[in-house]
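Reading the sequence shown from the start, the letters are residues 3 to 243 in the working numbering.
A short write-up of the structure that comes next.
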Amino acid sequence: MDESSGVGVLDKAAVVLTALESGPMTLAGLVQTTGLARPTAHRLAVALEHHRLVGRDLQGRFILGPRLGELASAAGEDRLLTTAGPILNRLRDITGESAQLFRRQGDVRVCVAAAERPSGLRDSIPVGSQLAMTAGSAAQVLLAWEEPERLRRELANANFSAVALTGVRRRGWAQSVAEREPGVASVSAPVRSPGGKVIAAVSVSGPIERLSRQPGRLHAAAVMAAAERLSEVLRRSAESD
3 MDESSGVGVL DKAAVVLTAL ESGPMTLAGL VQTTGLARPT AHRLAVALEH
53 HRLVGRDLQG RFILGPRLGE LASAAGEDRL LTTAGPILNR LRDITGESAQ
103 LFRRQGDVRV CVAAAERPSG LRDSIPVGSQ LAMTAGSAAQ VLLAWEEPER
153 LRRELANANF SAVALTGVRR RGWAQSVAER EPGVASVSAP VRSPGGKVIA
203 AVSVSGPIER LSRQPGRLHA AAVMAAAERL SEVLRRSAES D
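See below:
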């Protein structure tokens with residue numbers, strides 16, 4: 003540890019959380035990264051999991067937990083979430099479809115904000131829902147700009163190909179038709195941090211009967227505009243800090 007607060011257990015817990023910032027880890031990986039003894043690493047990770055500061059992905063690996071996002075939002079630091087509501091509401095009103103904001107957490111993507119279509123057939127994705135990174139337009143967007151080595155690993159079980167993600171990078175948006183769920187189509191675009199990193203995906207989703215088998219033709223422009231508005235909010239906030 004580079005710095006010590008003088009409270010050993012807190013310092014070690016901070017080391018665990020810092021290690022998980024780089025992505026999902028097995029207990030063995032956590033031990034190797036932190037330098038903690040295996041029993042200590044396990045005890046701390048499980049204790050942090052109890053308080054939802056640490057979670058588990060679909061493979062049982064340790065990941066950063068949802069409580070961290072909740073605390074950041076409560077402190078007013080998560081400008082993306084505080085701004086997303088009105089933008090998603092407008093996107094829903096423009097497209098007539100449910101709108102969502104997804105972030106990646108380990109091997110899943112989490113719906114962190116949503117604006118539901120008030121009536122009729124819809125693809126309801128409640129806030130907090132965890133969806134696989136192997137299918138869907140939001141998953142494509144969240145993976146398309148990954149580092150090549152990591153991307154190759156991610157594509158091993160995906161329902162889309164590297165060629166498809168090349169198209170996503172070229173266009174700046176992704177679409178899916180019955181890829182995640184039969185009868186459902188979606189369109190997504192990336193939200194970027196002030197440094198240009200893709201940190202979230204804005205989506206609209208609904209039945210194929212309304213969105214058609216080329217949903218991007220209908221809604222790509224609106225989805226990209228919403229994603230760019232969110233990205234611009236983050237840029238302006240960073241400049242004003």
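Each residue gets a CB set at the ideal place from its N, CA and C atoms; glycine is no exception.
In DSSP terms, what residue i is bridged to
i, result
"residue 104", "113 and 203"
"residue 132", "112"
"residue 187", "179 and 208"
"residue 56", "66"
"residue 27", "64"
Assumed close pair residue i, residue j - CB separation to whole angstroms, cut-off 8 Å
i, j, result
"residue 46", "residue 18", "5 Å"
"residue 191", "residue 143", "6 Å"
"residue 90", "residue 49", "That belief does not hold up - the Cβ atoms of residue 90 and residue 49 are roughly 35 Å apart, past 8 Å."
"residue 177", "residue 139", "5 Å"
"residue 224", "residue 93", "6 Å"
"residue 231", "residue 196", "The Cβ separation is near 14 Å, so there is no contact."
"residue 22", "residue 64", "6 Å"
"residue 32", "residue 43", "5 Å"
Reduced DSSP category for residue i - H, G, I as helix; E, B as strand; rest coil
i, result
"residue 193", "strand"
"residue 214", "coil"
"residue 154", "helix"
"residue 66", "strand"
"residue 10", "helix"
"residue 242", "helix"
"residue 39", "coil"
"residue 89", "helix"
"residue 255", "The structure shown does not extend to residue 255, since the chain is modelled only from 3 through 243, so no value can be given for it."
"residue 71", "helix"
"residue 169", "helix"
"residue 119", "coil"
"residue 223", "helix"
"residue 232", "helix"
"residue 137", "coil"
Cβ-based burial, residue i [other Cβ within 10 Å; buried from 16]
i, result
"residue 78", "Residue placement at residue 78 cannot be trusted, given a pLDDT of 41 that sits under 50; what the coordinates show is reported in the next sentence. So residue 78 counts as exposed."
"residue 171", "exposed"
"residue 218", "buried"
"residue 233", "buried"
"residue 3", "The pLDDT assigned to residue 3 is 38, lower than 50, so where the model puts this residue is not dependable; a value taken from the coordinates is nonetheless given after this. Under this definition residue 3 is an exposed residue."
"residue 57", "buried"
"residue 129", "exposed"
"residue 165", "exposed"
"residue 83", "buried"
"residue 119", "buried"
"residue 1", "The structure shown does not extend to residue 1, since the chain is modelled only from 3 through 243, so no value can be given for it."
"residue 193", "buried"
"residue 1", "It is not possible to answer for residue 1, since the shown part of the chain is limited to 3 through 243."
"residue 88", "exposed"
"residue 28", "exposed"
"residue 229", "buried"
beta-carbon residue i near the ligand SAH non-hydrogen atom, thresh 7 Å
i, result
"residue 179", "Annotation note on the ligand SAH: not contained in the displayed structure, which lists no ligands."
Cβ of residue i within 8 Å of any chain C Cβ
i, result
"residue 165", "Of the protein chains in this structure there is only one, and it is not chain C."
- Message: Assess contact between the stretch 133-141 and the stretch 104-119, defined as three or more Cβ pairs (one per stretch) separated by less than 8 Å. Is contact present?
- Response: yes
- the stretch 61-71 touching the stretch 196-210, judged by at least three CB pairs closer than 8 Å: With a cut-off of 8 Å, the stretch 196-210 and the stretch 61-71 do not count as touching, because too few Cβ pairs lie within range.
- Task: Check whether the stretch 43-53 touches the stretch 184-202, counting contact only when three or more Cβ pairs, one atom from each stretch, lie closer than 8 Å.
- Result: no
- Item | contact_flag[the stretch 195-206, the stretch 152-171] where n(CB pairs < 8 Å) is 3 or more | no
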